[in-house]
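Engineer:
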Amino acid sequence: MTVRRVMGIETEYGILQPGRPLANPMLLSSHVVAVHAAAREGARTKARWDYDDEDPLHDARGFHLQRASAHPSLLTDDPEKPAPSGDSPQALPRATAEEYEDPGAANVILTNGARLYVDHAHPEYSSPEVTNPLDAVRWDRAGERVMLASVRALASTAALPDVALYKNNVDGKGATYGMHENYLVDRAVPFHDLASRLIPFFVTRQVFTGAGRVGLGQRGEEPGFQLSQRADYMEAEIGLETTLRRPIINTRDEPHADPDRWRRLHVIIGDATMLEVATYLRLGTTSLVLWLIERAVAESGSGGALAAVDRLALRDPVHAVHVVSHDVTLTARLELADGRHLTALEVQREYLDAVRATVEHVGDEPDAQTADVLARWGSVLDRLGSDPASCAREVEWLAKLRLLEGMRRRDRLAWDHPRLAAMDLQWSDVRPERGLYHRLVQAGAVELLVSAEEVADAVLHPPRDTRAYFRGEAVARYGGEISAASWDSVVFDVPGAATLQRVPMRDPLRGTHAHVGELLDRSPDATALLDALGA
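Taking the working numbering, the leading residue of the sequence shown gets 599, the next gets one more, and so forth.
(1) Looking at C-alpha atoms only, which residue of Arg1075, Glu1045, Ala1083 and Gly1109 is the closest neighbour of Thr1125?
(2) For the structure I just gave you, are there three or more beta carbon pairs, one from the segment 890-910 and one from the segment 783-795, closer than 8 Å?
(3) Have a look at Arg795 and Arg618 and give me their C-alpha separation to the nearest angstrom.
(4) Have a look at Thr600, His634, Tyr775 and Gly606 and flag the residue whose alpha-carbon is nearest the alpha-carbon of Ile613.
(5) Report all residues from its chain with a CB closer than 6 Å to the CB of Pro1122; omit the five preceding and five following residues, and keep chain order.
(6) Should His939 go down as buried or exposed, given a rule of 16 or more other Cβ atoms within 10 Å for buried?
(7) Buried or exposed for Ala966, going by 16 or more other Cβ atoms inside 10 Å?
(8) When you compare each of Ile836, Met872, Ile891 and Val875 to Val865 by their alpha carbons, which one comes out closest?
(9) Buried or exposed: where does Thr941 fall if 16 or more other Cβ atoms within 10 Å of its Cβ makes it buried?
(10) Go to Pro1102, then tell me how far its alpha helix (DSSP H) extends in each direction, as first and last residue.
(11) Helix, strand or coil: how does DSSP classify Val1044 here?
(12) Residues in the same chain with beta-carbon distance under 7 Å from Glu833, minus the five sequence neighbours each way, listed in chain order, please.
(13) Roughly how many angstroms lie between the CA atoms of Arg1162 and Val1057, to the nearest whole one?
(14) Can you give me the C-alpha to C-alpha distance between Ser724 and Thr609, rounded to a whole angstrom?
(15) On the three-state DSSP scale, how would you describe Ala1124?
(16) What is the DSSP secondary structure of Glu1083, reduced to helix, strand or coil?
(17) Which residues bound the beta strand (DSSP E) around Leu763?
(18) Quick check: what's the CA-CA separation for Asp830 versus Glu820?
(19) Let me confirm a value: Leu1098 is counted as buried when at least 16 other C-beta atoms fall within 10 Å, else exposed. Which label applies?
(20) Check Trp975 in the structure and name its three-state DSSP category.
(21) Would DSSP call Thr609 helix, strand or coil?
(22) If you draw a straight line from the alpha carbon of Ala734 to that of Val601, how long is it in whole angstroms?
(23) Mind checking Asp914: buried by the 16 CB within 10 Å criterion, or exposed?
(24) If the criterion is Cβ atoms closer than 8 Å, does the pair Trp1002 and Leu982 meet it?
(25) Under 8 Å by Cβ, that's how I've got Arg1104 and Asp1086 pegged, so tell me the actual separation to the nearest angstrom.
(26) Under the three-state reduction of DSSP, which class applies to Asp685: helix, strand or coil?
(27) Can you tell me the Cα-Cα spacing of Asn710 and Ala930, whole angstroms?
(28) Considering only residues of the same chain and omitting the five flanking positions on each side of Pro853, which have a CB-CB separation below 7 Å?
(29) Starting from Met599, follow its DSSP beta bridges and name the residues at the other end.
(30) Using the C-alpha atoms, what's the distance from Met1021 back to Thr968?
(31) Starting from the N-terminal side, write out each stretch of the alpha helix (DSSP H) that is 4 residues or longer and does not extend beyond the segment 916-975.
(32) Out of His924, Asp851 and Arg947, point me to the one whose CA is closest to Arg785's CA.
(33) What are the partner residues of Asn705, as DSSP defines its beta bridges?
(34) For chain C, check one thing: does any of its Cβ atoms lie closer than 8 Å to the Cβ of Gln824?
(35) With DSSP run on the structure shown, which of helix, strand or coil describes Gly868?
(36) Give the DSSP-derived three-state secondary structure of Glu835 in the structure shown.
Right under this line is the structure:
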């Protein structure tokens, strides 16, 4: 057994222009992307994003949503019409033709294999594909560096507006924006089995993955503090939408890989987190639960371990998401479909026990990272139950709550005081001199898993063990000869060729350094590369 699988993180960053609350967010976000393309070696190509294989209306339940029936926010496959955000697109000011005359300028393919672009009026960093949660942390942190570079570049350019970027999920005024996780899952797993067995896990994992938030309700209309930034915006169990009636399980079936072999589980319920351990555990524990589900299908069931998971079905999952997030004591009991009542910690313990039991049944020694995720998962659940404060170095909502409570006690502030909301926002400012998270790092108050040098390297270089290696290296070496790219292809435009040349990459585990590194080293230009690939 292993925690390893192809995975990645997409993060939409909060954006504002200081002193101009009504500034056009689409235009500001376009500046963030464009200035990075102009100022950094991380973007050496004018290549556009290749939308040919995008299919955002394909539902995992076995049907296509008719385009005429789709909410505009779902139409992310049309580069000429950037998708709005939320359930009231008319409320969002759209950039003029002059402001946004070149959609390609708002898409940059980076040399680390990532995509930087404008999504739903926010700058988004979509990490390259990685094969393990520790690398997911590393290339996610690289995204913070990419965004910081854009902030610095805009601040140093007189003709462009200053912006502030936040790695968070709410603006405090009713809007939310996403951090989406992606996991490659065996297509043999029936979608219904996947959804039903993941829902209780997703509902309860926020006890150690939540980023914390000031205010209860979508607009923060009630004073208080809660575990998760996204929880109050979850309104359905299962659905295709990502910006309205947000579901616990998203059904978009867009694998960006061979659809006969894989599906891409697109998870929208999680929070963007600054603490590395929180991100690591979010990806790691989810991958282990997916392994448990996949193994059960491969072996036609896994006995008592999976039966215990199936008994965790919740009576009202959407209500339970809100209950868990609003319960900072971690003692609220959730009603299960069979009439039992368990706390979120007890539900998580059932999942952990099921994974451990299956590991023992299999008999294979887990690799080092898998063993580490298992150990940390158990440790954090134990300590959350007995001494939550001891988890503040690893669990983001607890680290944030500690700072907020300190200010509340010192200045005798109620939870609805605007200074607390401002502090919540300042937590995730990507600027080290402004972000409160960065002060904790400097004070040694949070646990780090990757070094600054590893993150700096990940800003410019791709993972070596997925197809992101070929994509990133192609951009770095042959950027001027690339016409377009996507997750599963690179399109070259080489001198003398009658047509564009598409190199498909349907297998995320090919195009690695081991697979193409030598080939790239002996190809001085794209023509030589294509000749070698065609030989």
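Positions of the beta carbon are idealized from the N, C-alpha and C atoms, including for glycine.
Structural biologist: Reading off the structure:
(1) On the sequence shown, position 527 is the one that residue 1125 refers to. It is Arg1075 whose Cα lies nearest to the Cα of Thr1125.
(2) At 8 Å Cβ cutoff, the stretches touch.
(3) As a working note, residue 795 is residue 197 in the sequence shown. As a working note, residue 618 is residue 20 in the sequence shown. The alpha-carbon separation between Arg795 and Arg618 amounts to approximately 46 Å.
(4) Numbered from 1 along the sequence shown, position 15 holds the residue referred to as residue 613. Comparing Cα positions, the closest option is Tyr775.
(5) Here the question's residue 1122 lines up with position 524 in the sequence shown. Around Pro1122: no qualifying Cβ.
(6) In the sequence shown, residue 939 corresponds to position 341, counting from 1. Here His939 is exposed, its C-beta having fewer than 16 other C-beta atoms within 10 Å.
(7) The residue labelled residue 966 in the question sits at position 368 within the sequence shown. Counting Cβ neighbours within 10 Å, Ala966 comes out exposed, since fewer than 16 surround it.
(8) Residue 865 sits at position 267 when you count from the first residue of the sequence shown. Of Ile836, Met872, Ile891 and Val875, the smallest CA-CA separation from Val865 is found for Ile836.
(9) For this step, residue 941 is matched to residue 343 along the sequence shown. Counting every other CB atom within 10 Å of its CB across the protein chains shown gives Thr941 a total of 16 or more, marking it as buried.
(10) Numbered from its first residue, the sequence shown carries residue 1102 at position 504. If you look at Pro1102, you'll find it isn't in any alpha helix (DSSP H); it sits in the beta strand (DSSP E) that goes Gln1099 to Pro1102.
(11) Position 446 of the sequence shown, counted from the start, is the residue given in the question as residue 1044. Looking at Val1044 - three-state DSSP - the assignment turns out to be coil, as it is neither helix nor strand.
(12) For the purposes of this step, residue 833 is taken as residue 235 along the sequence shown, with counting starting at 1. Closer than 7 Å at Cβ, skipping near neighbours: Arg843, Arg844 and Val916.
(13) Since the first and last residues shown for the chain are 599 and 1133, residue 1162 lies out of range.
(14) Within the sequence shown, residue 724 is the residue found at index 126, counting from 1. Within the sequence shown, residue 609 is the residue found at index 11, counting from 1. Near 6 Å, if we compare the C-alpha coordinates of Thr609 and Ser724.
(15) In the sequence shown, counting from the first residue as 1, residue 1124 sits at position 526. Secondary structure of Ala1124 (DSSP, three-state): helix.
(16) The sequence position of residue 1083 within the sequence shown is 485, counting from 1. Position check: residue 1083 holds Ala in this sequence, whereas Glu was assumed. Secondary structure of Ala1083 (DSSP, three-state): strand.
(17) As a position in the sequence shown, residue 763 is number 165, starting the count at 1. Residues Ala762 to Tyr764.
(18) Here residue 830 refers to the residue found at position 232 when the sequence shown is read from its first residue. Here residue 820 refers to the residue found at position 222 when the sequence shown is read from its first residue. If you take the alpha carbons of Asp830 and Glu820, they lie about 12 Å apart.
(19) As a first step, residue 1098 is located in the sequence shown; it is residue number 500 there, counting from the start. Using a 10 angstroms sphere on the CB of Leu1098, the tally of other CB atoms stays under 16, which defines it as exposed.
(20) Position 377 of the sequence shown, counted from the first residue, corresponds to residue 975. Assignment of Trp975 by DSSP, reduced to helix, strand and coil, places it in the helix class.
(21) For the purposes of this step, residue 609 is identified with residue 11 of the sequence shown, where counting begins at 1. In the three-state DSSP reduction, Thr609 falls in the strand class (E or B).
(22) On the sequence shown, position 136 is the one that residue 734 refers to. On the sequence shown, position 3 is the one that residue 601 refers to. Pairing Ala734 with Val601, the inter-Cα distance amounts to about 12 Å.
(23) Counting from 1 along the sequence shown, the entry for residue 914 is found at position 316. Taking every protein chain shown into account, the CB of Asp914 has fewer than 16 other CB atoms within 10 angstroms, so this residue is exposed.
(24) Working through the sequence shown from its first residue, we reach residue 1002 at position 404. Working through the sequence shown from its first residue, we reach residue 982 at position 384. The sequence given here has Leu at residue 1002, not Trp. Leu1002 is not a Cβ neighbour of Leu982, given a cutoff of 8 Å.
(25) The count along the sequence shown starts at 1 and reaches residue 1104 at position 506. The count along the sequence shown starts at 1 and reaches residue 1086 at position 488. A Cβ-Cβ distance of about 6 Å is found for the pair Arg1104 and Asp1086, placing them in contact under the 8 Å criterion.
(26) Walking along the sequence shown from the start, residue 685 turns up at place 87. Below a pLDDT of 50, predicted positions are generally treated as unreliable, and Asp685, at 41, falls in that range; the measurement from the model is reported next regardless. The answer is coil: DSSP assigns Asp685 none of H, G, I, E or B.
(27) Against the sequence shown, residue 710 aligns to sequence position 112. Against the sequence shown, residue 930 aligns to sequence position 332. One C-alpha to the other measures close to 43 Å.
(28) As a first step, residue 853 is located in the sequence shown; it is residue number 255 there, counting from the start. If we look at Pro853 and ignore the five residues flanking it on each side, its Cβ neighbours are Trp860, Arg861 and Arg862.
(29) The count along the sequence shown starts at 1 and reaches residue 599 at position 1. Note: Met599 sits in no beta bridge, so no partner.
(30) Position 370 of the sequence shown, counting from 1, holds the residue named residue 968. Position 423 of the sequence shown, counting from 1, holds the residue named residue 1021. Going from the Cα of Thr968 to the Cα of Met1021 covers about 36 Å.
(31) DSSP runs (the alpha helix (DSSP H)) wholly in the segment 916-975: 942-960.
(32) Against the sequence shown, residue 785 aligns to sequence position 187. Distance from the Cα of Arg785 is smallest, within the candidate group His924, Asp851 and Arg947, for Asp851.
(33) The count along the sequence shown starts at 1 and reaches residue 705 at position 107. Partner(s): Tyr715.
(34) The structure shown contains no chain C, having only a single protein chain.
(35) As a first step, residue 868 is located in the sequence shown; it is residue number 270 there, counting from the start. In the structure shown, the three-state DSSP call for Gly868 is coil.
(36) Numbered from its first residue, the sequence shown carries residue 835 at position 237. Correct three-state label for Glu835: strand.
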